[in-house]
Amino acid sequence: MSDSANTGGDMAATAASVLTAATAVTEATAPAAPAGRWRGAGIAGAALGVVAAGAAVGVAVERLTVGRGIRRKARLELDSSGPYGTLRGTPGTAVAEDGTRLAYEVDEIGPGPAKRFLGRRPAPPVTVVFSHGYCLQQDAWHFQRAALRGAVRTVFWDQRSHGRSERARTPGVSIDLLGRDLKAVIDAAAPEGPLVLVGHSMGGMTMMALAAQYPELIAERVVGAAFIGTSSGGMAENTYGLPAAGMSVVRRLLPGALKLMSAQPELVEKGRKATAELIGGIIKRYSFGAKDVDPGVARFGERLIEATPVDIVAAFYPVFAEHEKRAALRAFDHRPVLVLAGERDMVTPYEHSEAIAEALPAARLVCVPGAGHMVMLEQPGTVDDQLAELLASAGASGVQAGLRHAAGARRRG
């Protein structure tokens, strides 16, 4: 039984009470601030933690005691522990249609004997392009990057307004625009050769938007695809594990919180910091399925989300309700496809992955027991193994040996 089912009987607060409590926490930490302004910041700050985890309505199912075991000192210690997010490659920049500069990094195949056939240049290797999710960045693929490094050519990029990429130069965002951004990255970082596309959450949606607008690219160059914890549509109906009453309350409050986040980001950032422990617990709940997830990994995921400015959180969130790309999935038919999700994913529930697999009958559907939305951080070994199988099917050589080496390094470390 999932955690979302287990919490029904001992739920300590409705959406309204959690938001009210967050307001009280914020006001208590800033007594000199005007109460009205801080009240708004507290509500938006509390909503922010869940929105950034991809589940704005999720506040209603979390008890006020969440995160009690992660005190300020422990959080600081976790910030300095572990190698997470430290891997770097050869940097590059792609330019989007509106001039926004998109940061990417390339990890090339490790050194080896050059192979030529009758003096001709060898064929370009398979390139694996990783697209991250909402409020994350390329470092969210830390474990997969470590596992595949040197075994296959990989490209990791930051979506517009995320990570090291530039803030969008023009207002407005859509999943279709993100698909065109991905095309710009491919043109810059992998202009030739076969491609395997891997996307998590919003990154998977970005892949679908690419396919909808550039079906010839998929047909001619894409030899495999992995959709991880994502959705082809129907996000507006997502309940995030909430009862109907909780959904009603949060849907009524959320538009105002998002508006405040866009209009007064500095104020909301203060509320976000003042309620950091509460928000951190909520992020953990909606990112990971297991309660005993490695604290260092949990804090790493939290830091990735914290790095996203509040106005970017607000600008991107509404586009998910408009996302409908089931028809675009047909472009990925007749090639190796992996569809993978955590059993306890409350952001893009497993049923969304089942719907993707239904549209792609030849796809391999994998449910990771006990895992949540950030399955690639929570269960990296499972995700790595599944990606290796996909890449082998797509013709990428040397991947299995690279994964064995990485697995040995993890055990030794």
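In UniProt numbering, the protein residues as written are 1 to 413.
Every residue, glycine too, gets a C-beta built ideally from N, C-alpha and C.
- If you run the structure through DSSP and keep just helix, strand and coil, what is Val128? strand
- Query: Where Val249 and Gln159 are concerned, what is the direct C-alpha to C-alpha distance, given to the nearest angstrom?
  - Reply: 31 Å
- Query: Can a CB atom of chain B be found closer than 8 Å to the CB of Ala298?
  - Reply: Structure shown: chain B not included; a single protein chain is present.
- Item | Cβ-heavy atom distance, Val95 to the ligand FMN, below 7 Å | For the ligand FMN, the structure offers nothing, since it holds no ligand at all.
- Sort Ile175, Ala276, Val368 and Val185 by Cα distance to Val95 and report the nearest one. Val185
- Return the chain-ordered ranges of every beta strand (DSSP E) run that is complete within the segment 130–160 and spans a minimum of 3 residues. 153–157
- Query: What residue range is occupied by the uninterrupted beta strand (DSSP E) comprising Tyr104?
  - Reply: Arg101 to Asp107
- Should Thr86 be labelled buried (16 or more other beta-carbon atoms within 10 Å of its own) or exposed? exposed
- Through-space distance from Ser174 to Ile312, alpha-carbon basis: 13 Å
- Query: In the segment 289–331, which residue ranges form an unbroken alpha helix (DSSP H) of at least 4 residues, counting only runs that do not cross its ends?
  - Reply: 295–306, 310–316 and 319–322
- Item | Environment of Thr154 [buried if 16+ CB atoms lie within 10 Å] | buried
- What separation, rounded to the nearest whole angstrom, lies between the Cα atoms of Ala307 and Glu378? 20 Å
- Query: Could you give the distance in angstroms between the alpha-carbon of Ile340 and the alpha-carbon of Asp181?
  - Reply: Position check: residue 340 holds Leu in this sequence, whereas Ile was assumed. Cα to Cα, the separation comes out at about 24 Å.
- Message: Going by the DSSP bridge assignment, what does Ile228 pair with across the sheet?
- Response: His200 and Leu340
- Report yes or no: do the segment 218–230 and the segment 194–201 share at least 3 C-beta pairs separated by less than 8 Å? yes
- Starting from Gly92 and walking both ways along the alpha helix (DSSP H), at which residues does that stretch end? From DSSP, Gly92 is part of no alpha helix (DSSP H) but of the beta strand (DSSP E) over Thr90 to Val95.
- Determine the extent of the beta strand (DSSP E) in which Arg364 is found, giving its start and end residues. Arg364 to Val368
- Message: Given this structure, state the Cα-to-Cα distance separating Leu64 from Ile282, to the nearest angstrom.
- Response: For Leu64, the predicted model reports a pLDDT of 36, less than 50, meaning its position is unreliable and no value from the coordinates is stated.
- For Gly150 versus Gly110, is the C-beta spacing smaller than 8 Å? yes
- Message: Our contact map puts Val222 next to Arg335 with C-beta atoms below 8 Å; I'd like the distance itself, whole angstroms only.
- Response: 7 Å
- Query: How many angstroms separate the CA atom of Val376 from the CA atom of His142?
  - Reply: What sits at residue 376 in the sequence shown is Met, not Val. Taking the straight line from one Cα to the other gives about 9 Å.
- Query: Taking the C-alpha atoms as reference points, what is the distance between Gln137 and Ala123?
  - Reply: 31 Å
- Message: At the level of alpha carbons, what is the spacing between Phe300 and Tyr84?
- Response: 7 Å
- Quick one: what's Leu195 bridged to in DSSP? Thr127 and Val222
- Message: Tell me the rounded alpha-carbon separation between Ile305 and Cys135.
- Response: 5 Å
- Query: Should Leu360 and Leu329 be called a contact, given that it needs their Cβ atoms to be closer than 8 Å?
  - Reply: yes
- Message: Report the CB separation of Phe320 from Ala211 in whole angstroms; it is logged as a contact under 8 Å.
- Response: The Cβ separation is near 18 Å, so there is no contact.
- For the alpha helix (DSSP H) that His352 lies in, which residues bound it at each end? Tyr350 to Ala359
- Message: Using only CA atoms, which one of Gln144, Asp176, Tyr104 and Thr170 lies nearest to Gly163?
- Response: Tyr104
- Message: I need the straight-line Cα distance from Arg88 to Ser232, nearest angstrom please.
- Response: 31 Å
- Between Gly289 and Pro265, what straight-line distance do the alpha-carbon atoms span, to the nearest angstrom? 30 Å
- Message: Output needed for Phe130: all residues of its chain with C-beta closer than 6 Å, excluding positions within five of it in sequence on either side, in chain order.
- Response: Trp141, Phe156 and Val198
- Query: Can you tell me whether DSSP reads Gly280 as helix, strand or coil?
  - Reply: helix
- In this structure, what does DSSP give as the bridge partners for Gly233? Glu324
- Taking Cβ positions, are Gly193 and Pro125 nearer each other than 8 Å? yes
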